[in-house]
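For the sequence shown, position 188 (counting from the first letter as 1) is numbered 189 according to this note's numbering, and the numbering increases by one without interruption. Please read the structure below before turning to the comments.
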Amino acid sequence: MTDPKDRLDALRADIERRNPGQPEFHQAVREVLDTLGPVLTARPQYAEAGLVERLLEPERQIIFRVPWTDDHGRVHVNRGYRVEFNSALGPYKGGLRFHPSVDIGVVKFLGFEQIFKNALTGLGIGGGKGGSDFDPHGKSAAEVMRFCQSFMTELARHIGEHTDIPAGDIGVGGREIGYLFGQYRRITNRWEAGVLTGKGQGWGGSVIRPEATGYGAVLFAAEMLKARGEALDGLSAVVSGSGNVALYTIEKLQQLGANPLTASDSSGYVVDDKGIDLALLKQIKEVERGRVSEYATRRGPSARFVRQGRVWEVPADVAFPSATQNELDVEDARTLIANGVKAVSEGANMPTTPEAVHLFQEAGVAFGPGKAANAGGVAVSALEMAQNASRVAWSRERVEDELAGIMRSIHAVSHETAERYGSPGDYVTGANIAGFERVADAMLAQGVI
2 MTDPKDRLDA LRADIERRNP GQPEFHQAVR EVLDTLGPVL TARPQYAEAG
52 LVERLLEPER QIIFRVPWTD DHGRVHVNRG YRVEFNSALG PYKGGLRFHP
102 SVDIGVVKFL GFEQIFKNAL TGLGIGGGKG GSDFDPHGKS AAEVMRFCQS
152 FMTELARHIG EHTDIPAGDI GVGGREIGYL FGQYRRITNR WEAGVLTGKG
202 QGWGGSVIRP EATGYGAVLF AAEMLKARGE ALDGLSAVVS GSGNVALYTI
252 EKLQQLGANP LTASDSSGYV VDDKGIDLAL LKQIKEVERG RVSEYATRRG
302 PSARFVRQGR VWEVPADVAF PSATQNELDV EDARTLIANG VKAVSEGANM
352 PTTPEAVHLF QEAGVAFGPG KAANAGGVAV SALEMAQNAS RVAWSRERVE
402 DELAGIMRSI HAVSHETAER YGSPGDYVTG ANIAGFERVA DAMLAQGVI
């Protein structure tokens, strides 16, 4: 049999050849393939069945035109995407991202990550992702509505509560989910609540869905520290971003006794020596849709705004990259390590470059990869689906307990799998292999499809 390393190297080269101009997808594939050698050696039936080759190719890639009209009657055309990557464990599940940076490579990277993330939750959901290069920033609510309606007019024929269940992501919050769901209902003439997650609580949504990704990242960090005999209580934290993930990362850190010091957006970052005033930050970002610079102006002398700075310059015990992919590079990692960081937990998808991850691991920093650490969002999405299926709404306490249990389970299986394959403490290897084994076993059982 071909040596697993040679086989994986050949697969990586083939992916890069067949998918040109998609660096994010190449990076996500490389990060997984670099860890699969031991499992292919231990379980050669995976290689014999061509499971990795099949896993790397999406089951379906959909690209479509999205025409819409602005408030002045001008017609604009954007491009929409949905990549249905793998359904071995259940219907495709993954968010929609509306951002100018979205292209097929970005959607494929996100969908590929989603396969393993969803598998780790143990909740019977496959991996998919979608979105558009539409930018909701600066658009009126009426313009966003018209775009969402046009987007859903095409997407509706590809999704369903037993087929593919989108959710939100960057640029797609409760407002956008509402417009998308309304158009889906209009087209299908069905109240199919389980077709989208992230809905409003009054019409099929789940409590703590907005909070879930940030909460989960903090809970995973707490488990990593606990495994080392430490706790979050009393530690300082640096958080990037100021969207949903960052805001609720800050909230959960404060609930567990830690002191988050920062938030950021594309203009720079704010650092508050007294700790972030979450009510003020939520008012600026969620209600006023303003910039983090306004926080420093209104907070007073304890806070300062650093224009175009790197949030990772701020010394802290734990770090939560919660904005976007590749935001934390090797120089940032060196700075964090020099400042004594104990743990890094990824709230965003692939926010840390491979070189930076390697530095953290070499330095003995506990590193929680996104497919494990930020799985809380999709976990509560799956819980929302369960509530929709039975036409009930669970209490906040029940959903929080379920989320905490899922994050503990993800940490445990990642930790145990890393040890089983000779890489103790390596959550990247543990999460990749644990997620891969669950998907691979299902694919093996279902035949060559």
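A virtual CB, placed ideally from N, CA and C, is assigned to each residue, including glycine.
Residue i to residue j, Cα distance in whole Å?
i, j, result
"VAL60", "ILE450", "Checking the displayed sequence, the identity of residue 60 turns out to be Glu instead of Val. Answer to the nearest angstrom: the Cα atoms are 9 Å apart."
"ASN119", "ALA373", "9 Å"
"ARG439", "PHE86", "15 Å"
"SER396", "GLY205", "13 Å"
"GLU1", "GLU403", "Look at the range of the chain in this structure, 2 to 450, and you will see that residue 1 is not part of it."
"GLY74", "GLN62", "32 Å"
"ARG475", "ASN327", "Given that the chain is displayed from residue 2 to residue 450, the structure contains no residue 475 and the question cannot be resolved."
"ALA222", "GLY112", "24 Å"
"ALA380", "GLY195", "14 Å"
"LYS200", "SER207", "7 Å"
"ALA383", "SER133", "23 Å"
"GLY129", "PRO167", "8 Å"
"GLN309", "THR3", "49 Å"
"ALA228", "GLU417", "11 Å"
"ALA297", "GLU287", "16 Å"
"ARG191", "THR198", "16 Å"
"GLU231", "ALA344", "11 Å"
"PHE148", "ARG158", "17 Å"
"SER151", "GLN255", "41 Å"
"VAL307", "GLY276", "16 Å"
"ARG399", "MET408", "14 Å"
"ARG44", "GLY161", "35 Å"
"GLY269", "GLY174", "23 Å"
"ASP330", "THR353", "6 Å"
"LYS6", "THR42", "9 Å"
"PRO425", "GLY365", "11 Å"
"GLY448", "ALA142", "47 Å"
"THR336", "ILE434", "30 Å"
"GLY123", "GLY169", "21 Å"
"ASP136", "ALA48", "42 Å"
Rounded to the nearest angstrom, how far is the Cβ of residue i from that of residue j, given a contact under 8 Å?
i, j, result
"ILE126", "LEU90", "6 Å"
"ALA441", "LEU121", "About 14 Å separates the two Cβ atoms, so there is no contact after all."
"VAL239", "LEU220", "Actually they are not in contact, since the Cβ atoms of VAL239 and LEU220 sit about 18 Å apart, beyond 8 Å."
"ARG80", "ARG98", "Actually they do not touch by this definition, with Cβ atoms about 13 Å apart."
"LEU9", "LEU37", "6 Å"
"MET225", "ALA357", "17 Å between Cβ atoms; not a contact."
"VAL246", "ALA264", "With a Cβ gap of about 11 Å, VAL246 and ALA264 do not count as contacting."
"GLY369", "GLU347", "6 Å"
"GLN115", "GLY95", "4 Å"
"VAL30", "TYR422", "Contact doesn't hold; Cβ gap of about 19 Å is too wide."
"MET351", "GLN28", "7 Å"
Which same chain residues end up closer than 6 Å to residue i when comparing Cβ atoms and leaving out the 5 residues on each side of it in sequence?
i, result
"PHE117", "LYS372, GLY436"
"ALA324", "SER241, GLY242, ALA349"
"MET153", "LEU181, GLN184, TYR185"
"LYS109", "PHE26, VAL84"
"HIS359", "none"
"ASP274", "SER303"
"LEU34", "LEU9, ARG13"
"THR164", "PRO92"
"GLY378", "ALA213, THR214"
"ASN260", "SER237, GLY276"
"ILE64", "TYR82"
Which same chain residues end up closer than 7 Å to residue i when comparing Cβ atoms and leaving out the 5 residues on each side of it in sequence?
i, result
"ARG311", "ASP333"
"MET444", "LEU52, ARG55, ALA89"
"ASP71", "HIS77, GLU144"
"GLU1", "Since the first residue shown for the chain is 2 and the last is 450, residue 1 is missing from the structure and cannot be characterised."
"ARG300", "ASP273, ASP278, LEU281"
"GLY179", "GLY201"
"LEU257", "VAL219, ALA223, LEU233, ASP234"
Going along the chain, which residues of its own chain have a beta-carbon closer than 8 Å to the beta-carbon of residue i, five neighbours each way excluded?
i, result
"HIS138", "GLY172"
"TYR249", "PRO211, GLU212, ALA213, THR214, GLY215, TYR216"
"ALA394", "GLN202, SER207, VAL208, GLN388"
"GLN362", "PHE368, ASP427, VAL429"
Could one say the Cβ of residue i lies closer than 7 Å to chain B's Cβ atoms, at least one of them?
i, result
"ALA213", "The structure shown contains no chain B; it is built from a single protein chain."
4-residue-minimum alpha helix (DSSP H) runs that sit fully inside the segment 86-163, ordered along the chain: DSSP runs (the alpha helix (DSSP H)) wholly in the segment 86-163: 105-122, 142-156.
Scan the segment 193-262 and note each continuous beta strand (DSSP E) run of 3 residues or more that stays entirely inside, going in chain order. 237-240
The segment 101-109 touching the segment 384-404, judged by at least three CB pairs closer than 8 Å: The segment 101-109 is not in contact with the segment 384-404.
The segment 366-383 contacting the segment 401-418, beta-carbon criterion three pairs below 8 Å: yes
Three or more beta-carbon pairs under 8 Å between the segment 337-347 and the segment 315-323, yes or no? yes
List in chain order: all unbroken beta strand (DSSP E) runs of 3+ residues lying wholly within the segment 351-409. 367-369
Every unbroken alpha helix (DSSP H) inside the segment 259-339 [4 residues or more]: 279-283, 294-300, 331-339
Let me know the beta strand (DSSP E) ranges lying completely inside the segment 5-37, each 3 residues or longer, listed in chain order. Unbroken beta strand (DSSP E) runs of no fewer than 3 residues, entirely contained in the segment 5-37, are not found.
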